[in-house]
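The structure under discussion appears below in the form of C-alpha cells.
Protein chains in written order, with full-length UniProt numbering: chain A, 1 to 373; chain B, 1 to 357.
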C-alpha cells in the first residue's frame with residue numbers, strides 16, 4: 001500500500017487496490033462560513049493492508065472515514081474520489097452504496113451503544129446484516145452463523161448471548177458484537193473509527209485482539225483511526241498522521257516512530273509520557289490546532305512550529321518523499337529533521353520560572369505570617 | 001493561624017512498607033464509602049450498596065506525588081473526593097494537620113479547605129461560564145476573606161504562573177481551549193497557597209500535545225513549591241511520568257502500592273501486571289515483541305463484589321496458575337495489603353513479581 005496525494009505520489013499498479021482515496025475534500029457550510037474539515041486526503045490500500053490514521057481532535061480523521069462510507073449529512077460538500085475495487089463511490093446512490101457497505105467495506109464506530117439498535121437482540125442484528133447480503137439465507141442458518149461469529153470475537157456463552165439486548169451487555173461486549181457484525185459478510189476493508197476509545201485499557205487490549213481475529217478470519221484490509229499512537233504502533237503496518245484536515249506525514253510504522261520527518265509528528269511523540277522509559281521532561285507543542293474556518297495560507301502547523309520560517313507562512317508544503325521509499329512528509333524543512341529528537345526542536349516548557357519563584361516566596365512569607373499570629 | 005487552635009497533632013502510626021519519606025501530611029485509614037442502591041417504585045427501599053471504596057489506607061507525604069490509578073469503577077475518584085470531605089465517608093479516618101476530617105462540620109472544615117485544594121477532570125464543567133477568568137481565580141480569595149488591595153495583581157501573577165496571558169483575565173472560560181481552561185483550574189487551586197492538591201484526572205480530557213504542557217506545569221509546581229499531590233488517573237503512562245509512588249485500585253480496594261519505578265519495572269499483583277501489559281507502547285518494535293499478561297471479561301458490579309479477592313473472577317493466575325486448594329484462599333480470604341517478599345505491599349495471596357517492560 002502507498003499513500004497518494006493530490007500531487008500523485010504512488011507506487012504499484014492501480015488495479016490491485018481494494019480502496020483508493022484521492023484528493024478527498026469535505027466542506028461543511030455553517031453560519032460562520034465554510035469549515036474545510038478535510039483538505040485533499042489520499043491513500044491506497046491493497047488487499048490485507050493495514051493503515052493507521054492518527055491525529056488529535058478536529059484533525060479530520062473521522063470525517064475522512066465517514067466520507068469514504070458515504071455517511072456524511074447531505075449538507076456536506078464532498079470532492080475527490082473514493083474507489084472501492086475500481087468502482088467510484090462518491091455520487092453513488094444510497095441503494096447502491098448499501099450493497100457495498102457491510103459486504104465490501106464494513107465500519108466499526110467508537111460508541112457501540114449508538115451503532116447497535118437498542119430494541120433488537122444482538123443475534124437479530126447480526127442475522128439482519130447477513131440476510132441483507134444473502135437474501136436466500138434461512139433465519140435458522142443466520143442464527144447459527146451469528147452464534148459462530150459471537151464465539152469468534154470472544155464472547156463467552158454465545159448461544160445465550162445471541163438473545164441478549166445491547167443494554168444487557170458491557171461496553172466491551174457490545175464492541176465485540178459490533179466487530180462480529182462488521183466481519184459477518186466477509187468484507188474486504190474494515191474501517192475502525194476509535195474502536196477502543198470509550199473502553200478501559202484491559203478491555204481495550206481484548207477488543208484489539210478481537211479485531212486482529214476478525215482481520216485474520218476475513219483477510220480484510222484495515223483502516224484504524226485513533227488518537228493513540230501506541231495502538232497504531234502495535235496494530236498497523238503503515239501510518240498517516242493528520243493535521244488540520246490533511247495528511248502531513250505518512251510512512252511505515254518504523255519510519256513514523258523512529259525517523260519522523262514532520263515537526264508535528266516529532267512533537268506528538270515528544271509529548272507522550274512513556275511507560276517503558278524514564279523521560280526527564282515532555283516536550284509539548286505550544287498553542288492549539290487552527291480553526292478550519294478561514295484557514296490562513298501557508299503551513300497550518302506553522303504557528304505552533306519552532307522551525308517556522310517565512311516560507312512556511314506563505315506556501316503550504318505538499319506531501320513529498322522524505323527518507324525511505326514510501327515515506328512522505330509535508331514540511332519545507334523535512335531534511336533538517338534527520339537525526340534530531342523532539343527535545344532538540346521543542347521547548348520543554350512548564351511553569352513560568354520567574355512567576356514560580358515569586359509565588360514560592362509569597363507562600364513561605366504567608367506561612368511565616370500565619371505562624372506568628 | 002486565625003482558626004481555633006488545632007488539637008495537638010496525633011499522627012497515626014505509619015503503614016509498614018508503604019514507602020514514602022519525611023512527614024505524612026495526609027493520612028487515610030480504612031476509608032469506606034458505600035452508596036445506597038434504592039428500589040424502584042413508590043416506596044423506595046434500600047436494597048443494597050455500591051461498595052465504591054472499601055478499606056483504603058495510605059499516607060501522603062510532604063513534597064510528593066502519590067498516584068491513584070485504576071479503571072472506571074475502581075473507586076479512585078470517590079476515594080479522592082471522600083478524602084476532601086466532598087463525599088461523606090461511611091467509615092474510616094482521614095487525618096490532616098492533627099485533625100480528623102471525617103468528624104469536622106462544614107464550618108470547621110472551611111479554614112482547612114485553604115490548604116486542601118482540588119483540580120477537576122472536566123475543564124468545561126468546572127469553570128463558571130458566567131464570570132470572567134479573573135473572577136474565577138479570585139473567588140477562593142474572596143470566600144476566604146483575602147481579596148485585599150493587592151489581589152488584582154495576585155490574580156494576574158497566578159495567571160502568569162500557570163502559563164496564561166494575564167491580560168486575558170477579563171475573558172470568559174469559553175474563550176479558552178481545553179488546556180488553557182485546565183490551567184485556569186490550576187490557578188484557582190493555587191490561589192490560597194495550599195499544601196495538598198487533589199488532581200482528579202487533570203489531563204484525561206486533553207489531546208496529548210496539550211496534555212504534555214499541563215503535566216510539565218504540574219510537575220514544576222509540585223517540586224518548586226513543595227506541594228503534596230494526590231494524582232488520580234487511569235492512564236498508567238501519565239502516572240509513570242508524574243508520580244513518585246503509585247497505588248493501584250481495583251473494585252474499591254488498593255491492590256498494590258510501590259514507588260513508580262518499581263511498580264512498572266516489576267509489578268507483583270496480577271491486576272497490575274495486566275494493566276501494564278494492556279498499555280500500548282508507542283514503539284513498534286517493542287510493542288510487537290512484548291510479553292503480555294491478559295485478563296478476560298469485565299469488572300464485576302460493585303453492588304455485589306466477589307468474595308475474598310475481588311480480582312479472582314478475572315485473574316489469569318487464579319484461572320491457570322493455581323491448584324484447587326490454593327484457589328480456596330482466593331475465594332474465602334480477602335488478601336491483605338502487606339509485603340509478601342517483593343519489598344512492597346501487595347494484596348494477593350500468591351504475589352510474584354514479573355518483568356514486563
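Where is the CB? At the ideal position from N, CA and C, for every residue including glycine.
In terms of residues, what are the limits of the alpha helix (DSSP H) holding residue 255 of chain A? For residue 255 of chain A, the enclosing alpha helix (DSSP H) begins and ends at 253-258.
Cutting at 6 Å between CB atoms, please list the residues of its own chain near residue 112 of chain A, excluding the five before and the five after it. Cβ contact annotation for residue 112 of chain A (same chain, cutoff 6 Å, sequence separation greater than five): 174, 175 and 178, in chain order.
Residues near residue 222 of chain B by beta carbon distance below 6 Å, same chain, minus five either side: 65 and 229
Measuring straight from C-alpha to C-alpha, what distance separates residue 320 of chain A and residue 144 of chain A? 50 Å
Inter-residue CB distance, residue 232 of chain A and residue 224 of chain A (contact presumed, cutoff 8 Å): With a Cβ gap of about 7 Å, residue 232 of chain A and residue 224 of chain A count as contacting.
For the 8 Å Cβ check, are there 3 or more pairs between the stretch 159-167 of chain A and the stretch 63-82 of chain A? no
Pick out whichever of B:280, B:120 and B:167 has its Cα sitting closest to the Cα of residue 198 of chain B. B:120
Can you tell me the Cα-Cα spacing of residue 273 of chain B and residue 338 of chain B, whole angstroms? 17 Å
Measuring alpha carbon to alpha carbon, tell me which of B:153, B:22, B:275 and B:20 ends up nearest residue 202 of chain A. Nearest of B:153, B:22, B:275 and B:20 to residue 202 of chain A, Cα basis: B:275.
Measuring alpha carbon to alpha carbon, tell me which of A:68, A:318, A:108 and A:266 ends up nearest residue 338 of chain A. It is A:266 whose Cα lies nearest to the Cα of residue 338 of chain A.
Identify the continuous alpha helix (DSSP H) that holds residue 312 of chain A and give its terminal residues. 310-314
Pairing CB atoms from the stretch 251-269 of chain B with CB atoms from the stretch 191-202 of chain A, are three or more of them under 8 Å? With the rule of 3 Cβ pairs closer than 8 Å, the stretch 251-269 of chain B does not count as touching the stretch 191-202 of chain A.
Mind reading off the beta-carbon distance from residue 93 of chain B to residue 87 of chain B? Whole number of angstroms is fine, and I expect it under 8 Å. About 15 Å; that fails the 8 Å criterion.
Going by the beta-carbon positions, is the gap between residue 217 of chain B and residue 186 of chain B smaller than 8 Å? yes
Answer yes or no: does any C-beta atom of chain B fall closer than 8 Å to that of residue 265 of chain A? For residue 265 of chain A, the answer is no, since every Cβ of chain B falls outside 8 Å of its Cβ.
Report yes if the C-beta distance between residue 329 of chain B and residue 336 of chain B is below 8 Å; otherwise report no. no
Residue 64 of chain A and residue 38 of chain A - do their beta-carbons sit closer together than 8 Å? yes
Could you check the C-alpha separation between residue 13 of chain B and residue 21 of chain B for me, to the nearest Å? 14 Å
C-alpha distance - residue 5 of chain A paired with residue 128 of chain A, whole-angstrom precision: Summary for residue 5 of chain A: the model assigns pLDDT 44, below 50, so the residue's position carries little reliability, and this model does not support an answer.
Taking a Cβ distance cut-off of 9 Å, strictly less, list which residues of the stretch 224-249 of chain B are near chain A, in chain order. 224, 225, 226, 234, 235, 236, 237, 238, 239, 240, 241 and 242
According to the Cβ coordinates, are residue 161 of chain B and residue 116 of chain B closer than 8 Å? Going by C-beta atoms, residue 161 of chain B is not nearer than 8 Å to residue 116 of chain B.
For residue 322 of chain B and residue 197 of chain A, what's the separation of their Cα atoms in angstroms? 34 Å
Sort out for me which residues DSSP pairs residue 118 of chain B with in a bridge. According to DSSP, which records beta bridges pairwise, residue 118 of chain B is partnered with B:198.
Hey, is residue 212 of chain B's beta-carbon within less than 8 Å of any beta-carbon in chain A? yes
DSSP three-state call for residue 51 of chain B: helix, strand or coil? In the structure shown, residue 51 of chain B falls within a strand segment according to DSSP collapsed to helix, strand and coil.
Which full runs of the alpha helix (DSSP H) of 4+ residues lie inside the stretch 238-279 of chain B, going along the chain? 260-265 and 270-278
Contact set for residue 171 of chain B: own chain, Cβ-Cβ below 8 Å, skip 5 residues either direction: 132 and 133
Going by DSSP, name the residue or residues bridged to residue 44 of chain A. A:20
To the nearest angstrom, how far is it from the Cα of residue 165 of chain B to the Cα of residue 154 of chain B? Rounded to whole angstroms, residue 165 of chain B and residue 154 of chain B show a C-alpha spacing of 14 Å.
Cβ-based burial, residue 76 of chain B [other Cβ within 10 Å; buried from 16]: buried
Residues in its own chain within less than 7 Å of residue 314 of chain B by CB, not counting five upstream and five downstream? 295, 296 and 297
At a Cβ threshold of 8 Å, is residue 363 of chain B touching chain A? Outside the modelled stretch of chain B, which goes from 1 to 357, sits residue 363 of chain B, for which no answer is possible.
Assess contact between the stretch 327-347 of chain A and the stretch 291-308 of chain A, defined as three or more Cβ pairs (one per stretch) separated by less than 8 Å. Is contact present? yes
Label residue 158 of chain B either buried or exposed according to how many other C-beta atoms from any shown protein chain fall within 10 Å of its C-beta, with 16 as the threshold for buried. buried
List, in chain order, every chain B residue whose beta-carbon is nearer than 7 Å to that of residue 285 of chain A. Chain B residues near residue 285 of chain A: 209.
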